[in-house]
Every structure is written in structure tokens, then in C-alpha cells.
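Below you'll find the structure, written out as C-alpha cells, and then a few comments.
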Amino acid sequence: MYLRSLELQGFKSFPDKIKLHFDKGLTAVVGPNGSGKSNIGDAVRWVLGEQSTKTLRGNKMEDVIFSGTKTRKAMGFAAVTLEISNEAGELGEAYGAVVSVTRKLYRSGDSEYRINGKNVRLKDVTELFMDTGMGRDGYAIIGQGRIAEIVSAKSADRRDIFEEAAGVSKFRYKKQEAQRKLDAAQENLVRLQDIVSELESRVEPLRKQAEKAKQYVELAGKQKQLEVSLWVRRLGALREKLTGLSDGLLQAQAEYQNAEREIQRTDAQVQDGYRRMQESTLKMEEIRQQMQQAEEETTQLKSVVAVCENDILHSRQMQESLRQQKQETAQQSRSMENRMESLSEQVVQLRQKREAIQVEAEQTEQNWNALKQQAARRGQEYEQANQVLQNLLVRQSELRVLQQTAAGQQEELKAQLAEQGMRQSALRQACTEQNAAYDAAREQAQQAQEQFQQVQNQRDGFQKRYAHAVQALEAGKKQQEQAAFALREKRQRQRLLQDMERNMEGFGGSVKAVLRADGGKPRGVFGTVAQLITTDQKYGVALETALGGAMQNLIVENENAAKQWIRFLQQKHAGRATFLPLTSVRGKTLHETGLEQHEGFVDLACNLVRYEERFSGVVQFLLGRIVVAEDLDTATALAKAYQYRFRIVTLDGQVINAGGSFTGGSAMRAGGMLTRRAELTALSGEIQELEQQEQAASAALQKAQQQSAQLQQQMEALQQQCRQAESEQVAAAAQLEKEQYLRKQTTERAEEAAGQQAALQERLQETVDRHTAAAEEAEEVEKAIQKGQEMLSQEADQRTALEQEQSRLAERRSQLKIGMMELEKDMDTLTKEMQQQSDQQDSMAEKLVQIDKDIAVQEDLIRQKQTEITENQARLEQMQNSRTDGQAEIRHWQQVHDAQEQQIRELQSGLQETNAVRERFSGEISRLEERKISVQNDYDGVIRQLLEQYELSLSEAQAQAQPLEDLQTAQRELQSLKAQIRGLGTVNVAAIEEYAEVSKRYQFLSEQMQDAETAKRELEDLITSLTEEMQRIFSESFSVIDRNFQEIFKDLFGGGEARLELTDPEHVLESGIEIKVAPPGKVIKNLISLSGGEQSFVAIAIYFAILRLRPSPFCILDEIDAALDEGNVRRYAQYLQNFTDTTQFILVTHRRSAMEEASVLYGVTMQEDGISRLLRMEQEELEKTE
């Protein structure tokens, strides 16, 4: 068994379909970092069933699908196919000589697994490779991560690879399967025990309940017959009482109305008298209010006159005070004018003195500033001259050093120029030869590129057509799958409903017994109500609620058929059923005017079902007097409008019964017998339509498959041509790249040499020029230094004289400033005092003006108050006259009021007598009405009891009632029946059928529990056997691996010691595994002390030890030599040859020593960003190329 080929399409960086063929021995996959060579190992992991996205170097499983580039669209799926040779039948002879395993993932998340083209489960793929070393936990694919895990993981985490090598994985898998079955069996057993225990506790109580229920049914039937008869008789007596009470009530109401009319006439007269009294009272009140207002106004006017007189006196006093203030203010103003004249003279004298000092101070300041500027200019010139001198001295030293350095460099550069000239001649000759080789390689590469481009263009054209075909194929497949899935769902639902119909789900045992009699065709029986009527799904809940248990009523030909089947049920002890003979059942439909106009009214229930005409009487009997409404609110309004005379059912199953009671609750689920048959009818049409869609989709899919297959064949031919052209192009490009690199190197070296020679020549000339310039500049610097020293001496003398004169002027300037400050202070004091005097004079003038104004205001106020006093005194005289007239009017209206009051007392006396008569008849009416309501309530209560307890209308009850010879005897008999029923206590009528079902289920589940216990014991024995076998196999295999590891470690390391140990030998299946190693000349306490390369070599030795025990058919080694030095890489690669007889190796590497051991090399390149290409080369071809 070995790996024949690997085919990839749309997987990671391989968008195009490629196929790698593998030979026995060593195959190397090489390429630069990032070219996608490790994706080949990931593809093998993935097709073998790997589910960890981390192991596949991704974040989610969708990442394995080619995600597209700037020039290529993303793929919709990834597919990998692995072909394995199975000639010896290691994987099972049933699979044939070659086993093909395929895994396909769509971007939608759907995935497929195939073995030899047949769809299988992931579990089937896992089991196929179990204990072959190629499973997900095996050692057929080893990367750098697995190498690190072996040496760095905990000892308990190393078990997987050892179990795979020992062949324990299959046993562990079987044990896990057995354990899962055991857990399920245990859970099932517990569940069965709970159910059987629960049923066991129910059987005996149900038996007793069933016996009691049978007795109850018999007594309840007798009670109904007797109670209905008594109620019908009582209704007749109540009806006679209601007639007599109605006549008496009419007479009393007539007398009451006569008294009421007389009371109304008298009351109108009394109200008119009261109105006139009210008018006179209002008139008197109005006059009194006017007089009161006049009195209040008189008081107010007197108060105003007194206030005005007081204001006049106050104003005269204010005038006298203001004239005195005016004289005092004028005297103060004249004193201030004299002080102002004295202050003005003092200010003029101080100003003249300040001007003289100001002139002298300005002249001194100008002289001092001029000296200051002259001193600063002299100082700056001195500093500049001193700096120039210092710079010249420094430059003189630099020039001396520069001359010496330039002389030494000239000799050195002349020697280098001679040597560079000989080297440049040799490089020019090498460039000429390399250019010729590059031109030849470029011509060959251009020819190969043109050939490859031509074939690639043809292939790309077909690729687009093929991509369109694949998209059409995938769309067709998806459409066909969707149609098939929908069709399967509908058919499954149809079969379920058909089975429920065949099994008569929902029908009672008695109904089923009748329908199954006579081979399923009982004589004289048409079927149940539910079987013989149909309706639309939207009315199903309402009609099932309306019919209730009547859906199970059996429609028969006549009364004889009904009696025949009742006897049948009695003989079979099969329960009770209701029969509806067509010859005796007659129904009536509800006739109420205006029903259709009410909001929410749907229809009569009998109009919402479909049935044969011969069953119309039964349908009207059951549904003719039931109304269907949209919801409970509209049903309530409808019931109130018709005084609860009939039953109303809503579309969601709520009920308002005749008489006013409500029945309802949570929404009913549409799943009864009527809705089931309606759904079956609808499903038939839907299935027919889906079958047509599925057939059309299958035809389109078949056409797309044919087109895709044709294009794929053409694509494969072009792919082969393209691969051949690409190989030639890659080889030519590689040769061209090599020649280009060599030419570039030679050209760069020649250009570098020429550049170096020119640079040396320039440096030599620069050195000569620097030496000459430095000598000339040194002479000029010497002269400048002598001149600068003379200038510095002269500047120092002039600076000293300027500084002395500047000090004298500064002292005089300070004296003048102090004098000016003292004068300014004196002037400021006088100025402020003058301002204060001026402000006070202005204030005095304003005060005099204001006093004159205040005196005039007081004079105006006195005149105004005198006028107001005169007007108010005239108004007081008018008020006194009005008061006298008002008193005369009040006396007149009082006389009118007294006359009306006497008339009202006379009318009220007569009204009291009439009221007494009316109250007497009102009491009589109330008594009669209460009596009538009581009798009517009794009557309605009986009607309601008939409806609620037995669902009978009055006419139906009268039809069922029987004549009673003696009322008291019948009542005693009814009380006796009720006492017997009460003596039974709580009765469960459904217990009869429930007992039969529970007994049957109890017996069945008891047998199931015994079977479950047997299966549990067998599974426990199997687990024990598997555990013992696993311990034996693992112990034997571990010992062999340990011996192999010791030998291989010494071979790879050239000596040393190594061994494997179990951390818990008593429990080998749970024990961890410790690795003990000691390379030659070292004492190692733990693996972490080893270098990275040594740790990798230890892990490789363990894998080799496992391969020696249980060779894997093939092994992919993904850059596990990365941490090894070149010598160890060569040793590792050569050691692989020891296993090539039993194992096929595929090395993903970029180490030359490993490549040299491979017979075939696959080169992985990425000429286009994000897209990997493959190139196959035999080792012999590679050696010829080199």
C-alpha cells in the first residue's frame, strides 16, 4: 500500500486543478518561503478528516478555499482527492486495488466525503485509516509542530502517537463506541424503569377508576332522563306564573302613570310660584346691594376729603423748609469761588519752575545717549577685531596640519591607481564573455515564454468556459437538491398524515372497533363525522371546537344499524359510541335577522363544511345553530346583540355558549382530524407541483453535467500541454535568471572597478589642490594677524575716555529727575484740590435749581387737592338722595314676595296627597317586577341548566321528556340517583379507555426493560474484553518501540543512551510516557536542557522507532529538519533510506542534503501573487542541468 497521487482544486493557494504523482522511495517538495509548499501537507491532513482549523493554519474551515487575488476571483469550493494503492488489500478487499478518498467543502459550509466516488460520512473515512498510521492522530504527517510536541508536551499528552503505532486506536474506538452504547443503554434502562414504575403505580388505581366510571355512566344516564323530565314540567308551571304576574303589572303601571301626570301638573304650578318669589327676592337683593355700594362710596369720599386737607398742610410746611435751604447753599458757593482763585495762582508758579528743569534734563539726556551709542559701537568693533584675530590664529594651525596630511595621501593614492588599472582590464574581458552567454539564454527564454503564453491563453479561455459550466452545474445541483429536499419533506409529512388516517389517530377505542369490524367495511356505517365532512384549513380549529367529541360520532343508515352496532360494542366490551341514523336525525339552521351585517361574523358553521347531500340533516343537527366569528371581542358583541340565544365559536377556538357562559384559553393547535384531512388534500397538490420542479431541475442538472464533462476533458488536455510548456518555460527562465545574475555580477564588478579608479584619480587631484591652496592661504593669514593686533591697541585707549564722560552725565541726569519728581508731586496735590472745589460749586448750583423746582411742585399740589375736596363734597350730597329712594322700592317688592309664598303653601298641600297615591302604586309595581324577575330567573336557570349540563334546547328537552305520574316520587328517585353518584366520589370517565391503554403499555415496556438489562450486561463484558486486549497489545508494542528507540538513538547520535518509560506501569492505558536521553559525553536531567537541534533529533529518533515497529504506507515530513545543522540533515536524510522498502516518504524541505536523497523533486513557485505552480523534475534531470 502506498500513495499514488494527490489531486487539488481550489485548496488554499492552488485554484487550478493539479495532480501530483508519487513514486515509491523519497519525493521532495521544494520552494521558497511563502510559495505554498506546506499547503500540500495540509491538503493530505484535510482529506484524511482533519477538523482542527489551527492545525490547518487557519481561523475557520472556510479559509482552506482559495480566496482570490487581484486578478483571480475566489473559488466557491475546495476539493482534494487522495489515491492509495490497495493491491494487497490492507484497507479491505471490497475497496479494490486502488482506493480514492475525496473531501469537498463549499463556501456555503456544505461538505462531502467520498470513498471511490460514493458519498460517505467522516466516521467512515476515520475508520478506513484506523491503525494504519494515516489517521488524524497518526504519524503519516509530521510537521515542525509535532516534533516540538513530542519533546515539550506533558508525558500524558504523548500517548496518541504511541497508541496509533501499537494498533490500539481501533480497539479504543470500539471501546468508546461500546461505552457510548452502554451509556445510552443505561440511560434507556433508567428511563424505562422510571416509566414502568410510574405505570405500575397507575394500573391498579385505573382499574378501580374504570369500574367506578362504568357505574357512573349508567347512573348519569338515568339521572339525565329523570332530571330533564322534571325540568320540563317545572318550566310549564313557571310559564303560567309569568302570565299572571304580567297582567297585574300592567294594571298597576296604568294607575301609577295617572298619579304621575297629576304630580307633574301641580309641580309645574309650584315651580312657577317659586320662580316669581325668586324674582322678587333677586330684585330686593339688587336694591340692597346698590344702597350698600352708595354707603361704602360715601365713607370713602369723606376719607378722601380728610386726606386732601392733610396733604395741603404738609405741602405748605415743605415750601418753608426749601426756602431756608436755598439761602444756606448760596452762602457756601461764594466761599468756594474765593478759594479757587488762590489755588490757580500757586499752580502757575509751579509750572514755570518745572519747565526750566525740563529743558536742562532733556539736554543732559541727549548728551548721555550720544556717548552711550558711541561706547557701544567702539566695544562692538573691539570684539569683532578680537574675534577675527582669534579665528586667524586657529586657521593658521589648521593649515599647517592640512599641508602635512595632503603630502602623505598623494603617495598612497598613486600606488592604488596602479593596482586598480590592472584589475579593470581583466573585468572588461569577463563582461564581454558573459554578455554573449546572456543573449543566448534570453533568446531561448523568449521562445519558451511565447510558447507557454500561447498555450496558457488557450487554457484560460477554456477555464472561463469551464468555470461558467461549473457554476451552472453547482447552481443546478443546488436547485435540484432544494427541490428534492422540499419534496422529501412534503412526502414524509404526507406519509405521516396518511399513517395517522389509517391508524385512525384521535379516535376512541369504541369508534375504532366499529370502523375496523367486517374487514374495515362495517355494514350500515358510513363513517365518522370527521371522515365525511371537509373544510378549509383556516376554519379547522373553529369547526373542531364546535363539534368537539361529535367528530367521533358515527353516521349510520337507520335506527336498526345504530342498535346493531351498540349491541356489538356491548358484546365486545369495547366502550360506548354515539350513532347518528340518517332516518331519525333532523337538524335546523339558525334564522336570525341581521347576522350578516355584524362586524366579525364569518358564517354559520354548517356553511363552512363540504359534504354529500344525504348527510345534510346530520350536519345541520350538529352545526346548524352554531355561529363562527373572527375573534372573542366580535363574538361577545354578537352574543350580546342576540341575548346569548345561540352558541358562538371563534376562529381560534374560543366559545360563548347559549345562555352567556364562556369557554376558552390558550390558542388551540390546528392538528385535529378535520385539519389533518384538509392538510392532506393541500399536500397532494404541493407534491405534484414539487415533482414537476424536481424533474425540471434534474433535466437541467444532467445537461449541465454533460457540458461540464466535455469541457473538463478539453481542459485536461490543455492543462497537460500547459504544464509541458510551463516546465520548459520555467527551465529556460531559470537558466536566463542564472545568466542574468552572472552578467549583472560581472558588470557590477567592472563598473565598480572603473568607478573606484576614477574616484582614486579624483582624490589624488583633490589632494594636490588642497596642499597648494593651504600654502597660499597660510601666508595671507600671517599678514592679517599682525594688522589685527595693532588695531586692538588703538581701540582700547578710546574706550577708556568715553566711559569716564558717560559716568559724569549719568550723575547729573539723576539729580534733575529727582527735582522734577518733587515739582510734579506738588502740582498734582494743587490740581486735585482745585477739582474738588469745582465739583462742589457745580453741586451747589444744581441744588439751588432743584430747590426752586420742589417749591413750584408743592404749590401745584396744594391747588390740586383743593379742587378735589370741592368735587367730593358735591358727590356726597347725591349719595344721600339715592339712599332714600332705594328704601321705598324694597318695601314694594317685599309685599309681592309674601303673596307668592302663600299660594305655594296651598299647592304643596295637594301635591303631598297625590304623591302618597303614586308611592303606593310604585311599591306594587316593584313587588310585581321582583316577583316576575325571580320567576323569569328560575325559568332561564332551568333553560341554562339544560344547555350547560346536557346541551339541549327547550324543544329538544320537551321531545326527550317523559310524563311523570307523581312529582314527589320522581323527585325522591332523582335525589336517590344523585346520592348514589355522590357516593361514587370523584369519577374519571376516561379511565375506562386509559386503563386498557396503560395495561397494554405496562406489559410492553416491562419486556423492553428486560431486553435493555440483557444488552447492558453484554456491553459491559465487551468493554472488559477490549480493555484487557488493549493492555496486552500496548505493553508489547511499547517494549518494541523502546528497544528500537535505543538502537536508533545511538545510530543518529553516534552513541549515548536513551529509553522510554511509563510513568504508571500498573495502568498502561492511562500512563504518561517519559523520554530519558543522554547524548555522548553529556548528562541530561530533562529534555529542555538539550539544544533545539538535539530535541528535534530525539523526536525524529522516536518516529523512526515507531516506523520500524509499524511502518506507515506513506509519510509526509514537513520541514522537520529546519532545526538541524547540515551534518545532521545529511545523516537524517540518509537514514530515511532504511525505511523506503516499507514506507513512501514525501519531504517538504529547503535543505540541499535532503533534496539530494530524493529521486523526484516537485518545485513550488508563486509567479503570480497568491497562486502556487508546480514543476516536477527527476533527480537525473536535475544533475544533468547542473
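Residue 623 in full-length UniProt numbering is what sits at position 623 of the sequence shown, and the numbering runs on without skipping anything.
Cβ atoms here follow ideal geometry from the backbone N, Cα and C, with glycine treated the same way.
Next on the checklist: Three or more C-beta pairs under 8 Å: does that hold for the stretch 861-881 against the stretch 277-287?
Outcome noted: no
Checklist entry - Rounded to a whole number of angstroms, what is the C-alpha to C-alpha distance between Lys783 and Ala775? => result 14 Å
Item to check | Those residues which DSSP pairs with Val525 across a bridge | outcome: When beta bridges are read from the DSSP output, Val525 appears opposite Val556.
Next on the checklist: Is Gln958 close to chain D? Criterion is C-beta to C-beta, closer than 8 Å.
Outcome noted: Structure shown: chain D not included; a single protein chain is present.
Checklist entry - How close, in whole Å, do the beta carbons of Gly524 and Glu557 come, if the pair is a contact with beta carbons under 8 Å? => result 5 Å
Checklist entry - Given that a residue counts as buried once 16 or more other Cβ atoms are within 10 Å of its Cβ, and exposed if not, what is Arg351? => result exposed
Checklist entry - Does the Cβ-Cβ distance between Gly587 and Gln620 come in under 8 Å? => result yes
Checklist entry - Nearest-angstrom Cα distance between Ala667 and Asn657? => result Note that Ala667 scores a pLDDT of 47, beneath 50, so its modelled location is shaky; the value from the coordinates is reported in the next line. Straight-line measurement puts the Cα of Asn657 at about 18 Å from the Cα of Ala667.
Checklist entry - With respect to the beta strand (DSSP E) encompassing Gly1093, which residues constitute its N-terminal and C-terminal limits? => result It is not in any beta strand (DSSP E) - Gly1093 instead sits in the alpha helix (DSSP H) that spans 1092-1109.
Checklist entry - Relative to the C-alpha of Gln179, which residue among Ser1096, Gly624, Leu1026, His892 is closest? => result It is Leu1026 whose Cα lies nearest to the Cα of Gln179.
Item to check | Proximal residues to Ala97 (C-beta, below 8 Å), its chain only, five neighbours per side dropped | outcome: Ser85, Asn86, Glu87
Item to check | Nonlocal neighbours in the same chain, by C-beta distance under 8 Å from Gln958, ignoring five residues either side | outcome: Val232
Item to check | Rounded C-alpha distance that separates Gly549 from Leu543 | outcome: Those two C-alpha atoms are separated by around 11 Å.
Checklist entry - Is Ala979 near Val228, with beta carbons less than 8 Å apart? => result Val228 sits away from Ala979, with the two beta carbons spaced by 8 Å or more.
Next on the checklist: If I measure Cβ to Cβ from Asn119 and keep anything under 8 Å in the same chain, skipping five residues before and after, which residues do I get?
Outcome noted: Glu112, Tyr113
Checklist entry - Taking Cβ to Cβ, would you say Ile687 is nearer than 8 Å to Gln494? => result yes
Checklist entry - What span of residues does the alpha helix (DSSP H) with Thr636 cover, start to end? => result 632-641
Item to check | Where Asn988 falls: helix, strand or coil (DSSP) | outcome: coil
Checklist entry - Between the C-alpha atoms of Glu211 and Ala996, what's the straight-line distance to the nearest angstrom? => result Their Cα atoms are separated by approximately 12 Å.
Checklist entry - Rounded to whole angstroms, how far is the Cβ of Arg875 from the Cβ of Leu301, which I believe are closer than 8 Å? => result 6 Å
Item to check | As assigned by DSSP and simplified to three states, the class of Glu7 | outcome: strand
Next on the checklist: Check whether the stretch 1009-1017 and the stretch 187-196 are in contact - that is, three or more C-beta pairs closer than 8 Å.
Outcome noted: Under the Cβ criterion (8 Å, minimum of three pairs), the stretch 1009-1017 counts as touching the stretch 187-196.
Item to check | Chain-order list of residues whose beta-carbon lies under 7 Å from that of Glu297 (same chain, five-residue window excluded) | outcome: The residues are Met879.
Checklist entry - Apart from the five residues just before and just after Val935, which ones in its own chain have a Cβ nearer than 7 Å to its Cβ? => result Leu238, Lys241, Leu242, Leu245
Item to check | Thr583 and Gly624 closer than 8 Å at C-beta | outcome: no
Item to check | Range of the contiguous alpha helix (DSSP H) that encloses Thr545 | outcome: Counted as a single uninterrupted DSSP element, the alpha helix (DSSP H) harbouring Thr545 occupies residues 540-547.
Item to check | Closest by C-alpha distance to Leu1103, when choosing among Glu164, Ser1035, Lys19, Gln702 | outcome: The question names Leu, yet the displayed sequence has Tyr at residue 1103. Measuring from the Cα of Tyr1103, the nearest candidate turns out to be Glu164.
Checklist entry - alpha helix (DSSP H) containing Met130: first to last residue? => result From DSSP, Met130 is part of no alpha helix (DSSP H); its letter is neither H nor E.
Checklist entry - How should Ser13 be labelled, buried or exposed, when 16 other C-beta atoms within 10 angstroms of its C-beta is the threshold for buried? => result Answer is buried; the Cβ neighbour count reaches 16.
Checklist entry - Going by DSSP, which residues form a beta bridge with His21? => result Ser5
Next on the checklist: DSSP three-state label for Arg669, please.
Outcome noted: Low local confidence applies: a pLDDT of 46 at Arg669 is under 50, so the model's placement there is unreliable, and no value is given.
Item to check | Alpha-carbon spacing of Ala970 relative to Gln225, whole angstroms | outcome: 11 Å
Checklist entry - With distances taken between CB atoms, is the gap from Val1148 to Lys174 smaller than 8 Å? => result no
Checklist entry - With respect to the alpha helix (DSSP H) encompassing Asn116, which residues constitute its N-terminal and C-terminal limits? => result Unbroken run through Asn116: none, as it is neither H nor E.
Checklist entry - When the distance is taken between beta carbons, is Phe11 closer than 8 Å to Val80? => result yes
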